[in-house]
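See structure below.
2 protein chains.
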Amino acid sequence: MKFADINQEMIAQLEAVVGQSFVFTDAQTRNDYGHDETEDYVFPASVVVKPGTAEEISTILKLANQWNVPVTPIGGRTGLSGGALPIHAGIALSTDRFDKIIHIDEQNLQVMVEPGVITHNLREAVAEKGLFYPPDPSSLGSCFIGGNVSENAGGARAVKYGVTKDYVLNLEVVLPNGDIIWTGANTLKNSTGYNLTQLMVGSEGTLGIITKIVMKLLPANNHNILMLVPFYDGAQACEAVSRIFKAGIVPSALEFMERDAIDWTMKFVDGVNVPIKDGIEAHLLIEVDGNYPDVLFAEAEKITEVVEQFNIDEILFADTEDYKNALWKLRRAVGEAVKSNSVYKEEDTVVPRYELPMLLKGIKFIGDKYGFKSVCYGHAGDGNLHVNIVKGEMSDEAWKIEVPKGIREIFELTVSLKGTLSGEHGIGYVQKNYMDIAFGQTSLLLMKGIKDVFDPNGILNPGKVLPDYLQS
Amino acid sequence: MKFADINQEMIAQLEAVVGQSFVFTDAQTRNDYGHDETEDYVFPASVVVKPGTAEEISTILKLANQWNVPVTPIGGRTGLSGGALPIHAGIALSTDRFDKIIHIDEQNLQVMVEPGVITHNLREAVAEKGLFYPPDPSSLGSCFIGGNVSENAGGARAVKYGVTKDYVLNLEVVLPNGDIIWTGANTLKNSTGYNLTQLMVGSEGTLGIITKIVMKLLPANNHNILMLVPFYDGAQACEAVSRIFKAGIVPSALEFMERDAIDWTMKFVDGVNVPIKDGIEAHLLIEVDGNYPDVLFAEAEKITEVVEQFNIDEILFADTEDYKNALWKLRRAVGEAVKSNSVYKEEDTVVPRYELPMLLKGIKFIGDKYGFKSVCYGHAGDGNLHVNIVKGEMSDEAWKIEVPKGIREIFELTVSLKGTLSGEHGIGYVQKNYMDIAFGQTSLLLMKGIKDVFDPNGILNPGKVLPDYLQS
Chain B
342 MKFADINQEM IAQLEAVVGQ SFVFTDAQTR NDYGHDETED YVFPASVVVK
392 PGTAEEISTI LKLANQWNVP VTPIGGRTGL SGGALPIHAG IALSTDRFDK
442 IIHIDEQNLQ VMVEPGVITH NLREAVAEKG LFYPPDPSSL GSCFIGGNVS
492 ENAGGARAVK YGVTKDYVLN LEVVLPNGDI IWTGANTLKN STGYNLTQLM
542 VGSEGTLGII TKIVMKLLPA NNHNILMLVP FYDGAQACEA VSRIFKAGIV
592 PSALEFMERD AIDWTMKFVD GVNVPIKDGI EAHLLIEVDG NYPDVLFAEA
642 EKITEVVEQF NIDEILFADT EDYKNALWKL RRAVGEAVKS NSVYKEEDTV
692 VPRYELPMLL KGIKFIGDKY GFKSVCYGHA GDGNLHVNIV KGEMSDEAWK
742 IEVPKGIREI FELTVSLKGT LSGEHGIGYV QKNYMDIAFG QTSLLLMKGI
792 KDVFDPNGIL NPGKVLPDYL QS
Chain Z
342 MKFADINQEM IAQLEAVVGQ SFVFTDAQTR NDYGHDETED YVFPASVVVK
392 PGTAEEISTI LKLANQWNVP VTPIGGRTGL SGGALPIHAG IALSTDRFDK
442 IIHIDEQNLQ VMVEPGVITH NLREAVAEKG LFYPPDPSSL GSCFIGGNVS
492 ENAGGARAVK YGVTKDYVLN LEVVLPNGDI IWTGANTLKN STGYNLTQLM
542 VGSEGTLGII TKIVMKLLPA NNHNILMLVP FYDGAQACEA VSRIFKAGIV
592 PSALEFMERD AIDWTMKFVD GVNVPIKDGI EAHLLIEVDG NYPDVLFAEA
642 EKITEVVEQF NIDEILFADT EDYKNALWKL RRAVGEAVKS NSVYKEEDTV
692 VPRYELPMLL KGIKFIGDKY GFKSVCYGHA GDGNLHVNIV KGEMSDEAWK
742 IEVPKGIREI FELTVSLKGT LSGEHGIGYV QKNYMDIAFG QTSLLLMKGI
792 KDVFDPNGIL NPGKVLPDYL QS
């Protein structure tokens, strides 16, 4: 689609809507809001706007339709699929000012929050009231809860507690035409019409701009046990994962890290040092949580019995809060560590968890075939494996030509194992042209039809989710 | 919309598709498949068809589009909102022959099942493998799992374990145009495109016909404690509900029954007799479950402490399996018992749970205003209150004129408390013209737009979910 360019008159009108101090055309701001954490992409918008209310967003979207100018909603800029990149320039609409926790409802165990609240801050605020918001994406210290909803973010605790979608009850959304709606009700159950709430979750800012979020909370629990298990064989570590569930345990985290992931990260972050023996190929980081320490000890013992059936080194139990924090810091920093090490591409493969060993072997095989190295880690309990393909010594040409072929094969393998392209990062900009692997033409046309119902002029976050040939 | 009538040539073609023995035009069969459990409605279709494969359904839907004949998918006929009523005659498409549990995947804790499997049978089959499918609608002995998905059914265990939607990973669906798709992947996490799976769940057979369901399972737990708490004040029983959660307990069931509900049901079912003192207005039936009896005793003790702060009679602990079964039989039979007692209408109100006392008082107030009596019971832990409005001595005219006004006010109250029309029964045929209370015109037009994308000719289950003025 050919969009109109932003001109001075439009800038003036945007200033009239949100106030002059919240409209930015300087190169620095445009650059800052032109990237997230997706590889090294930068797409500066023509103007960055920071509205303060849903009504202001409504007015901006109405103008954008009149002007035929694209609008890209932007949260914490921690995305890994490029969902918030203003690839067609136009207006970058930041939710920075939607930073309020409106109401923690201790009676109903719910919270109403604006999309620009940092996930960690939300978790801390509800924890102070004895409540628990489980989803904890690795970027939780800087990502926005609105972005979590838009990408249906997961994190380490999803294996027991579910992903973001499982906590969203109701959303206030500004639709592309400027209308403001609530998608549902503030209830735990809802069988009232089509599920607009869940349609909006994970739609990556292409169907509307979220301005309020009502989420359910759980009562807090107070105890956990964290253990790190070193495996001499990476595929065995993957196998152990489904055995733990078969033993009747649902851990609160079950994370997988290849040797390189842990080695590189220890070099990257300060103050975390785990002694690793030669020959160790992978680690599982396993947590159980709950209210009753005795139960946790029993569960940790059962887990120990399961993993000891494999070829492992001594299990490390994190016996202090500091040690626990250090191990989590290590795990959460893997993505950044790999990124700092080399140019890379990250895939967010997900399969039924028993298929993990097959997936891991297949990824290595495909890497050998196309000449690339990969570092794998992720939420093994969910079957969600992040595949970091590192450029290293690869030629620019091979990186450009061979790697996409390899990625396509990885995704084909994933889908053949009954998995799919993305477990928690979304499709966004970088994976959209692989969507044909996960969906046939009929399904893609349904999605395109839905997009057209919500956004007939295609002005909201164009160029995302759907493959290029289905973009308006 | 004016649909075409079924003629002999069409019948012959349907027989060619599914075989002569699976096409029924006799009055008895048409009548049998012309009703579910919704009040006393009967809408016989012109023909009842029982296909055996997704491909046969595909062919039938293609023909229906050509013929301009409506198709109503029908499961176990236990629905309470009339979602499966062939209100425009045409073809009643029964899923009776889709009765196979295709695969219980013990490695991944998943099951692939056809929609015509009875929910109870599914739960038993996975239980034999040490696995647990939690949703247990009261009709579980006769409802189909496909109907559960289509209505997003809940049940007593939803309060801890979630509703049907929380277990659906992937669906094979025949779309209205005859195309067959899978909506997602067999993974616990999925951020790949718009969530067609969750759009299909709860869409009441208006967007496609489900032919395979992939669901997640949990490891089974082995212990539970069941207690029945009699309250002298019904509103206090409702208040106790949110106090239990505030105490940090998530019970596996937390059910509310008004005095009339329990009295009428004891007369209706055999072999269940609970001594109830004069002045008792309501009961809470509370269950905790898990793997560790000590934990359950501790939780039951905490619950006891909470409820003893209210005006209650002695708590009854169900100390044998037989007694537990009897109490559950009592609870599950309430709907039928009320139905046997009088002509009635059932509303499926749901609010944030702390608003329950307000909802209950409001319902009684509105009943007094319009001259009707109501019997209330339901899943109080979810804020889901079934309101049975009984005709009793009311005149036919008052029943017809006054009751709908009262229902509208009940729903307005529900929505003003941040709740909505249906927690688990769906909108179907009987509640569609109240949809304007829960949704503004913009949201309803979005839903209508989605319906048109999936079913441009409006042949699949017409006259459901959306209000009459938005029906094609």
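Chains B and Z supply the protein sequences, listed in that same order.
Mind the numbering: the first sequence is residues 342 to 813 in our numbering, read in order.
Mind the numbering: the second sequence is residues 342 to 813 in our numbering, read in order.
The C-beta atom is built at its ideal place from N, Cα and C for all residues, glycine as well.
Asked	Found
Secondary structure, beta strand (DSSP E): runs of 3+ residues fully inside the segment 531–594 of chain Z	550–557 and 564–572
Segment contact flag, the segment 595–604 of chain B with the segment 531–540 of chain B, C-beta cutoff 8 Å, min 3 pairs	no
Residues of its chain near E599 of chain B, where Cβ-Cβ distance is below 8 Å and the 5 sequence neighbours each way are ignored	G575, E622, A623, V716, C717 and Y718
Inter-stretch contact at 8 Å, needing at least 3 Cβ pairs: the segment 706–713 of chain Z / the segment 738–747 of chain Z	yes
Cβ of Y695 of chain Z within 8 Å of any chain B Cβ	yes
Terminal residues of the beta strand (DSSP E) in which Y718 of chain B lies	K714 to H720
Residue range of the unbroken alpha helix (DSSP H) whose run includes N462 of chain B	T460 to A468
Distance between D507 of chain B and R464 of chain B (C-alpha atoms, nearest Å)	15 Å
Element boundaries [beta strand (DSSP E), containing V514 of chain Z]	V509 to V515
Amino acids of chain B, ordered along the chain, whose beta-carbon sits closer than 8 Å to that of D520 of chain Z	T783
Backbone CA spacing between L434 of chain Z and V389 of chain Z [nearest angstrom]	6 Å
Limits of the alpha helix (DSSP H) - the one that I398 of chain B falls within	A395 to W408
Given E380 of chain Z as reference, the closest of Z:L700, Z:F795 and Z:S683 once Cα atoms are compared	Z:S683
Cβ separation of L801 of chain B and L668 of chain B, assumed to be a contact under 8 Å, to the nearest whole Å	Actually they are not in contact, since the Cβ atoms of L801 of chain B and L668 of chain B sit about 41 Å apart, beyond 8 Å.
Cβ-based burial, K553 of chain Z [other Cβ within 10 Å; buried from 16]	buried
Contact list for the segment 768–794 of chain B against chain Z, Cβ threshold 7 Å	I768, M776, A779, F780, G781, T783, S784, L787, M788, G790, I791 and V794
Contact under 8 Å by Cβ, R694 of chain Z with G733 of chain Z	no
Helix, strand or coil at T690 of chain B [DSSP, three-state]	strand
Interface positions of the segment 473–506 of chain Z facing chain B (Cβ-Cβ less than 7 Å), listed along the chain	E492, N493, G495, A499 and V504
Simplified DSSP state of N518 of chain Z, which is helix, strand or coil	coil
Residues within the segment 658–690 of chain B neighbouring chain Z, beta-carbon criterion of under 9 Å	D689
Helix, strand or coil at Q451 of chain Z [DSSP, three-state]	strand
Near-chain B residues of the segment 705–734 of chain Z (beta-carbon distance less than 8 Å), N- to C-terminal order	H720, D723, G724 and N725
Residue closest to R673 of chain B, alpha-carbon to alpha-carbon, out of B:L701, B:V691, B:F609 and B:G631	B:F609
Proximity test, Cβ basis, 8 Å: V509 of chain B and chain Z	no
Stretch pair the segment 402–419 of chain B + the segment 368–384 of chain B: three plus CB contacts closer than 8 Å	yes
Proximity of V504 of chain B and N493 of chain B at Cβ, strictly below 8 Å	yes
Beta strand (DSSP E) segment containing S435 of chain B, residue limits	I432 to S435
Spatial distance of L595 of chain B from D440 of chain B (CA atoms)	31 Å
Short CB-CB distance (under 8 Å) between V542 of chain Z and chain B	yes
Amino acids of chain Z, ordered along the chain, whose beta-carbon sits closer than 8 Å to that of T835 of chain B	Nothing about residue 835 of chain B can be reported from this structure: the residues present for chain B run from 342 to 813 only.
Rounded straight-line distance, which links the Cα of I401 of chain Z to that of L355 of chain Z	7 Å
Chain-ordered chain B contacts of H766 of chain Z [CB-CB under 9 Å]	S532
CB contact check: E447 of chain Z to chain B, cutoff 8 Å	yes
Bridge partner(s) assigned by DSSP for T761 of chain B	B:V691
Residue-level contact to chain Z via CB, P616 of chain B, 8 Å cutoff	no
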